[in-house]
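K.L.:
Shown below is the structure under consideration.
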Amino acid sequence: MGSADKDLGWAPSACTLPTAERPLRVAEFDELFASALRDLRRVAPTRLELEIDAAAEARARDLAARESDCCSFFTFDFTPGRPGRMTFGVTVPATHVDVLDAVADRAADGVAQLSRS
Numbered sequence: 011m012g013s014a015d016k017d018l019g020w021a022p023s024a025c026t027l028p029t030a031e032r033p034l035r036v037a038e039f040d041e042l043f044a045s046a047l048r049d050l051r052r053v054a055p056t057r058l059e060l061e062i063d064a065a066a067e068a069r070a071r072d073l074a075a076r077e078s079d080c081c082s083f084f085t086f087d088f089t090p091g092r093p094g095r096m097t098f099g100v101t102v103p104a105t106h107v108d109v110l111d112a113v114a115d116r117a118a119d120g121v122a123q124l125s126r127s
């Protein structure tokens, strides 16, 4: 990803998380993506579906709840997927597609890391 600005690209002015805590939150998402993300689908400009290991559901739900607290424009949902998998859905209003783009880029980096290991 490179620059700090791009690393925090999904933290728009609407985010209420203190600036000092944002890199920690990004790192939590990166760790989830690197360890549990198996596939991702951009099913609409405003919706991303992340296929994660079912064993990571509790961690993903906790992270989603905390992210919703500071960035209320996110809508997260979870649905059962293939055996051993869970679909972690992320939806944003059209005004925040750029934020979802940044999430999708980071998630794609996580899938790429996993496929190289």
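Each residue of the sequence shown is one higher than the last, beginning at 11 in my numbering. Here a beta-carbon is modelled for each residue, glycine too, at the ideal position from N, C-alpha and C.
1) Does the pairing of the region 76-89 with the region 24-37 give three or more beta-carbon distances under 8 angstroms?
2) How is the beta strand (DSSP E) around residue 36 delimited, first residue to last?
3) Have a look at 41, 94, 68 and 120 and flag the residue whose alpha-carbon is nearest the alpha-carbon of residue 87.
4) First and last residue of the beta strand (DSSP E) that includes residue 58?
5) What would DSSP say about residue 27, mapped onto helix, strand or coil?
6) Helix, strand or coil for residue 71, going by three-state DSSP, please let me know.
7) So, for residue 76: in the same chain, excluding its five sequence neighbours on each side, which residues have a beta-carbon less than 8 angstroms away from its beta-carbon?
8) Hey, could you find the ends of the beta strand (DSSP E) residue 99 is sitting in?
P.N.:
The answer reads as follows:
1) yes
2) Looking at the DSSP string, residue 36 is not in any beta strand (DSSP E); the run it does join, the alpha helix (DSSP H), is 32-46.
3) 68
4) 57-63
5) coil
6) Shown here, residue 71 sits in a helix according to DSSP, grouped into three states.
7) Contacts found: 35.
8) 95-101
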